[in-house]
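*Asks:* For the sequence shown, the working numbering gives the first residue as 110, with consecutive numbering after it. Below is a structure I'd like to ask you about.
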Amino acid sequence: MRLERLSVNQFKIFLTYNDLKERGYSKEELWNNLPKANELFQDMLYEACDELGIELDGKLVVQVYMLQAQGMVIVVTQNSEGMSNEDFIELKVTMDESKELMFVFDDFEDVIQAAGSFKKLTELQASLYHYEGYYYVKIHDEELNDQSQEEIISMVSEFSSPSTMTSYVLNEYGKCIVEQNAFETIQKYF
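The following block contains the structure:
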């Protein structure tokens with residue numbers, strides 16, 4: 110489990126599917142069993158509070174993004190409006206699932222390193238975008254089986270993080286740098 114503080118009243122939790130498995134949950138179980146999902150989220154919230162030194166009470170908005178093979182990203186926002194001194198936590202959970210393999214790189218140098226480190230990546234159909242100071246790689250995974258997909262995710266994750274960004278946003282607002290064979294093209298020129 111990885112935690113990131115986004116603002117005073119918001120933080121992000123990233124869980125891999127291995128993290129879920131260690132906690133005794135599966136992706137399908139969380140998607141189909143809301144009480145079980147709420148139980149997991151409450152446990153994670155208490156863990157996050159301890160680690161980040163936050164005190165949560167009142168209404169919380171929990172947005173869950175299931176990333177195809179990477180795991181899940183959970184964004185927790187504390188609503189400070191109308192808070193009372195009562196000790197309670199009310200969860201509003203929204204779940205969404207992405208069918209895309211999307212990764213975000215902090216800088217172009219990381220993309221170059223990823224492309225140069227693994228020959229297998231150059232065989233992938235992938236697109237490279239630039240948006241709001243970050244580089245995004247969308248891997249077209251129609252031909253990948255589960256084992257190949259996990260192997261590729263493992264390789265790319267050494268240089269990037271999974272992203273909840275959609276290709277729709279990138280197509281509309283981002284700049285497409287390499288439309289096809291992104292890793293191969295980068296390896297060739299850099």
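No residue lacks a Cβ here, since even glycine has one placed at the ideal position from N, Cα and C.
(1) CA-CA distance, P271 and M211?
(2) Do I248 and L237 have their C-beta atoms within less than 8 angstroms of each other?
(3) Quick one: residues in its chain with C-beta nearer than 6 angstroms to the C-beta of E195, no 5 flanking neighbours on either side, listed in chain order?
(4) Quick check: the Cα distance between Q296 and S269, rounded to an integer number of angstroms?
(5) At which residues does the alpha helix (DSSP H) containing G242 begin and terminate?
(6) Tell me whether M274 sits in a helix, a strand or coil according to DSSP, three-state version.
(7) I need the straight-line Cα distance from E138 to D216, nearest angstrom please.
(8) Using the beta-carbon count (16 or more within 10 Å), is L161 buried or exposed?
*Replies:* So, to answer that:
(1) 6 angstroms
(2) no
(3) Only weak support is given to the placement of E195: the predicted model assigns it a pLDDT of 48, under 50, and the value that follows is read from those uncertain coordinates. Counting only Cβ-Cβ distances below 6 angstroms, and skipping sequence neighbours, we find nothing.
(4) 17 angstroms
(5) Element bounds for G242: n/a, residue is neither H nor E.
(6) coil
(7) 36 angstroms
(8) exposed
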